[in-house]
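Trainee: The listed protein sequences derive, respectively, from chains H and L. When the letters of the first sequence are read in order and numbered with my numbering, they come out as residues 1 to 304. When the letters of the second sequence are read in order and numbered with my numbering, they come out as residues 305 to 674. Cβ coordinates follow ideal geometry from the N, Cα and C atoms, glycine included. Computed from a prediction, not measured in an experiment: that's the story for all the values here.
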Amino acid sequence: MLTNYFKTNGMVMGWGLLLLVFFWIVILIILPQIYMFNLSFHPHLPPPEMGGPKDFLTLENYRYLVFGADGNPDGYNKVDLLVFIRTLTAAAFVTILDLFLCYPIAYYLGQSTGGGFVRILVLLLIIPYWINEILRAFAFKIIFGDSGVINEFLMFFSVIDSPIDFIRANVALYAGLGYAYILLMIFPMYNVIESLDRNQIEAARDMGAPWWMIHKRIVIPYAKPGISSGCTMVFMLSAGALAAPQILGGPSSLWFTQLVYQWFNTGGNWPQASAYAIILLLACLVIVLSVMKLFKVNMGDIGK
Amino acid sequence: MSSGVAVDLQDMWIKFGDFVAVRDANVHINGGDFFSFLGGSGCGKTTILRAVSGFLEPADGKILIGGNDMKGKGPNERPTALIFQNLALFPLMKVWENITFSMEVRGASAGERRKRADELLDMIALSDQGDKLPSELSGGQKQRVAIARALCAEPDVLLLDEPLSALDLGLRHHMRTELREIQKRVGITFIYITHDQGEALTMSDNVAVMRTAVIDQIGSGKSVYDDPSTSFVASFVGMNNMFRGKVKSISKGQALVETNRTGNLLARITTGATGKLAVGDDAMVFIRPEGLHIAEKSAKSNTRIKANVRHSEFEGTSYNVFLEGDAGKEMKMSLVNRGEARLYEPGAELTLQFDATQAVVVPAGELASE
Chain H
1 MLTNYFKTNG
11 MVMGWGLLLL
21 VFFWIVILII
31 LPQIYMFNLS
41 FHPHLPPPEM
51 GGPKDFLTLE
61 NYRYLVFGAD
71 GNPDGYNKVD
81 LLVFIRTLTA
91 AAFVTILDLF
101 LCYPIAYYLG
111 QSTGGGFVRI
121 LVLLLIIPYW
131 INEILRAFAF
141 KIIFGDSGVI
151 NEFLMFFSVI
161 DSPIDFIRAN
171 VALYAGLGYA
181 YILLMIFPMY
191 NVIESLDRNQ
201 IEAARDMGAP
211 WWMIHKRIVI
221 PYAKPGISSG
231 CTMVFMLSAG
241 ALAAPQILGG
251 PSSLWFTQLV
261 YQWFNTGGNW
271 PQASAYAIIL
281 LLACLVIVLS
291 VMKLFKVNMG
301 DIGK
Chain L
305 MSSGVAVDLQ
315 DMWIKFGDFV
325 AVRDANVHIN
335 GGDFFSFLGG
345 SGCGKTTILR
355 AVSGFLEPAD
365 GKILIGGNDM
375 KGKGPNERPT
385 ALIFQNLALF
395 PLMKVWENIT
405 FSMEVRGASA
415 GERRKRADEL
425 LDMIALSDQG
435 DKLPSELSGG
445 QKQRVAIARA
455 LCAEPDVLLL
465 DEPLSALDLG
475 LRHHMRTELR
485 EIQKRVGITF
495 IYITHDQGEA
505 LTMSDNVAVM
515 RTAVIDQIGS
525 GKSVYDDPST
535 SFVASFVGMN
545 NMFRGKVKSI
555 SKGQALVETN
565 RTGNLLARIT
575 TGATGKLAVG
585 DDAMVFIRPE
595 GLHIAEKSAK
605 SNTRIKANVR
615 HSEFEGTSYN
625 VFLEGDAGKE
635 MKMSLVNRGE
645 ARLYEPGAEL
655 TLQFDATQAV
665 VVPAGELASE
């Protein structure tokens, strides 16, 4: 296999590519993670004391998330745990929301015979992503604000008397997060659905299957790799989002990544921050893998 | 199982925008018939099938199934089942689930479905294969599963869109026989779409030969072959030698045609061409390769053709002799190998004869492209 690889790419190019991949995976991904992983088991010390007598391996940083600081009267670190759980549930909610929004679009795009309208539709989906994430988040803040377009519109037509606080109700946050990852949900599904033989749908119709059954028995099972790939990405990225929660989150709702950010920056406690980051990563992995197991999706399918 | 439901197309037109895909089709298909639409690619035969199955509506005219007007009825409301060209088996369902999908749609229990699937699997000689996925079956087996799946819905009419075209030659011949047997067993009307005249002639009770958007002739395989209505049918169905000319005289159902290069030829006016030929008209005479023989002394001059041999080949059961034909075209003669036939040297001049009842004449018109 490798000899063939070198034959097609040549020695120089071949080694060059391998080195780049190595650099990408090892230097940029694995090493920092290992560093953080290691750091998370150490106490928070000023740099000169690191590796000194006060430095030892400890689970204190992990314990902190569950039980809080020593002498915590509550017994549990309720604030952080709540944020942790709320972040994961909200990410799951955003994922499901995106799935329901994007499946019809992906199905329409995948089964249409192409043509001008579809190309315009795809363009309309992509172009907003030329604008950076933070600007888009602020745009949502304006849309959902007290004197935003939606409130003004509703009040103009006397549907409501006073503005609805979409920010406090987290509507703006869910909308912003959902919108941020729409493409990551649409395109994997679209890719798979596009290759579905239209005759299968006609055959099912010919046998009397109603539309929901065609989707349940034929399109969705076929699109499963795309659906799981899209859901995985949206879930992981929403759980790990920082900008959107920072800008669109209500005053009372923290996102878990914001805690991590606070420990790194404001708190300057890197070991604690590392522990929180690793917990979030592991929790996401466990959730994704168990959902994949539940729906009988193979890891290999996701790469399709 | 219900049987013998007739299908009628009455003055049916199908259009895509300004494009006329099917022009004024009038077809009566007897209940329980194996009926084929035979035509080249793009002639509109698949369009007709899709109209009968309900995937598209004719622009004008009627489709009757068992005497009932199908206007406005969707594919699932018609007593038809369609077998697609690529079969369209559901790749992620097991074979038995594929077969009984129509029952699943109607809400039948898994036990009921399994039982029916086993019956149908027995019928198509695939017992014990029910738990496989379609991808684990061979081409011929998939074919049979597609048939079983269509029959499971107990349709009155089975529609088949070139289902054998993906198979290799040997299997195709085998499946012809099998399809015909299945049709006889279940006794329902089969409508079969094909571009392969061998399939159409061997399997069908009746054949409709289609030129672009138009049905030229409907009849039994034999009548389409022996008694073509138009020059298109004569040239499309089977090998035929064509001679252009003008009608010189007509008598007793026969016409004497003065050809450009081959002299006067006497030929039978086909049923479909009767009344459409007059003296002086442009006409085409068709003689089958097997209708040509080496001339005997007694042969009349207007059933004789002189031609030079180009080359000849031995095929076992027959000799094929290729001669210089009309207008530079090659003329083919097939001689049954009874021991006396022999290969002829290129360049040799032969005098051939034919039986005027086996040569046919129709008005000059469109020919099937080779």
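Looking at the structure shown, is Q389/L part of a helix, part of a strand, or coil, going by DSSP?
Mentor: Three-state result, Q389/L: coil.
Trainee: Sort N330/L, I367/L, S357/L and A668/L by Cα distance to M546/L and report the nearest one.
Mentor: Answer by Cα proximity: A668/L.
Trainee: In three-state DSSP terms, what is V297/H?
Mentor: In this structure, V297/H counts as coil in the three-state DSSP scheme.
Trainee: According to DSSP, what are the bridge partners of S622/L?
Mentor: DSSP lists V640/L as partners of S622/L.
Trainee: Give me whichever residues DSSP pairs with K686/L in a beta bridge.
Mentor: Because residue 686/L is not part of the residues shown, which for chain L are 305 to 674, the question remains open.
Trainee: Using a beta-carbon distance below 9 Å, is M397/L in contact with chain H?
Mentor: Yes, M397/L counts as interfacial toward chain H.
Trainee: Of all the CB atoms in chain H, is at least one closer than 9 Å to the CB of N606/L?
Mentor: Judged by the 9 Å Cβ criterion, N606/L is not in contact with chain H.
Trainee: With a cut-off of 8 Å on the beta carbons, I'd call V613/L and L627/L a contact; round off their distance for me.
Mentor: That pair is a contact at about 6 Å.
Trainee: Using DSSP's beta-bridge definition, name the partner residues of H332/L.
Mentor: In the DSSP output, where bridge partners are listed per residue, H332/L has D312/L.
Trainee: Check the Cβ of F494/L against every Cβ in chain H and list those closer than 7 Å, keeping chain order.
Mentor: Simply none; closest approach about 16 Å.
Trainee: Helix or strand or just coil, what does DSSP make of W317/L?
Mentor: W317/L: strand per DSSP, three-state reduction.
Trainee: Using three-state DSSP, classify G474/L as helix, strand or coil.
Mentor: Residue state, collapsed to three classes: helix.
Trainee: Give a yes or no on whether the minimum CB-CB distance between G390/L and chain H is below 9 Å.
Mentor: Note that residue 390/L is Asn in the sequence shown here, rather than Gly. True, the Cβ-Cβ gap to chain H drops below 9 Å.
Trainee: Just to check, is the beta-carbon of S527/L closer than 8 Å to a non-hydrogen atom of the ligand NAP?
Mentor: Looking for the ligand NAP in the displayed structure turns up nothing, as the structure carries no ligands at all.
Trainee: Excluding five sequence neighbours on each side, which residues of the same chain lie with their C-beta closer than 6 Å to the C-beta of D146/H?
Mentor: The answer, listed in chain order, is P163.
Trainee: Mind checking if V409/L is an interface residue toward chain H, Cβ cutoff 9 Å exclusive?
Mentor: Closer than 9 Å to some Cβ of chain H, the Cβ of V409/L qualifies, so yes.
Trainee: Measuring only the C-alpha atoms, how far is R476/L from N544/L?
Mentor: Spanning the two alpha carbons is a distance of roughly 24 Å.
Trainee: Going by DSSP in three states, E617/L sits in which element: helix, strand or coil?
Mentor: Strand.
Trainee: Find the residues of chain H that neighbour A457/L, judging by a C-beta separation of less than 8 Å, and give them in chain order.
Mentor: Those are M207 and G208, listed as they occur along chain H.
Trainee: Take every Cβ of the stretch 331-347 of chain L, pair it with every Cβ of the stretch 305-323 of chain L, and state whether three or more of those distances are shorter than 8 Å.
Mentor: With the cut-off at 8 Å, the stretch 331-347 of chain L and the stretch 305-323 of chain L touch.
Trainee: How many angstroms separate the CA atom of V324/L from the CA atom of A355/L?
Mentor: Their Cα atoms are separated by approximately 14 Å.
Trainee: Spatial neighbours of E670/L within its chain, please: C-beta separation below 8 Å, excluding the five flanking residues on both sides.
Mentor: Counting only Cβ-Cβ distances below 8 Å, and skipping sequence neighbours, we find R515, T534, S535 and F536.
Trainee: Between which two residues does the alpha helix (DSSP H) containing N170/H stretch?
Mentor: Where N170/H is concerned, there is no enclosing alpha helix (DSSP H), given that its DSSP letter is neither H nor E.
Trainee: Mind pulling the chain H residues with CB within less than 8 Å of A385/L?
Mentor: Per Cβ cutoff of 8 Å: D206 and M207.
Trainee: How about the stretch 600-611 of chain L and the stretch 555-572 of chain L: do they share at least three Cβ pairs that are nearer than 8 Å?
Mentor: Yes, the stretch 600-611 of chain L touches the stretch 555-572 of chain L.
Trainee: List, in chain order, every chain H residue whose beta-carbon is nearer than 9 Å to that of P379/L.
Mentor: E202, R205, D206, M207 and G208, listed in chain order.
Trainee: Sorted by chain position, which residues of the same chain lie with C-beta nearer than 6 Å to P251/H's C-beta, five sequence neighbours on each side aside?
Mentor: Same-chain partners within the cutoff: there are none.
Trainee: Rounded to a whole number of angstroms, what is the C-alpha to C-alpha distance between L125/H and Y181/H?
Mentor: Taking the straight line joining both Cα atoms gives about 11 Å.
Trainee: Going by DSSP in three states, V541/L sits in which element: helix, strand or coil?
Mentor: Coil, per DSSP.
Trainee: Once you ignore the five residues that flank Y5/H on each side, which residues in its own chain have a CB closer than 7 Å to its CB?
Mentor: These residues qualify, in order along the chain: G14.
Trainee: Looking only at C-alpha atoms, which of P210/H, R198/H, G148/H and A243/H sits nearest to N390/L?
Mentor: Of the listed residues, the one whose Cα sits closest to N390/L is R198/H.
Trainee: With 9 Å as the limit, tell me which residues of the stretch 165-198 of chain H have their beta carbon closer than that to any beta carbon of chain L; keep them in chain order.
Mentor: Within the stretch 165-198 of chain H, the qualifying residues are D197 and R198.
Trainee: What three-state label does DSSP hand D373/L in the structure shown?
Mentor: Correct three-state label for D373/L: strand.
Trainee: Could you give the distance in angstroms between the alpha-carbon of S274/H and the alpha-carbon of E49/H?
Mentor: Spanning the two alpha carbons is a distance of roughly 19 Å.
Trainee: Closest by CA to M374/L, which one among E361/L, G321/L and R480/L?
Mentor: Comparing Cα positions, the closest option is E361/L.
Trainee: Just list the residues that DSSP pairs E634/L with in beta bridges.
Mentor: Paired residue(s): E628/L.
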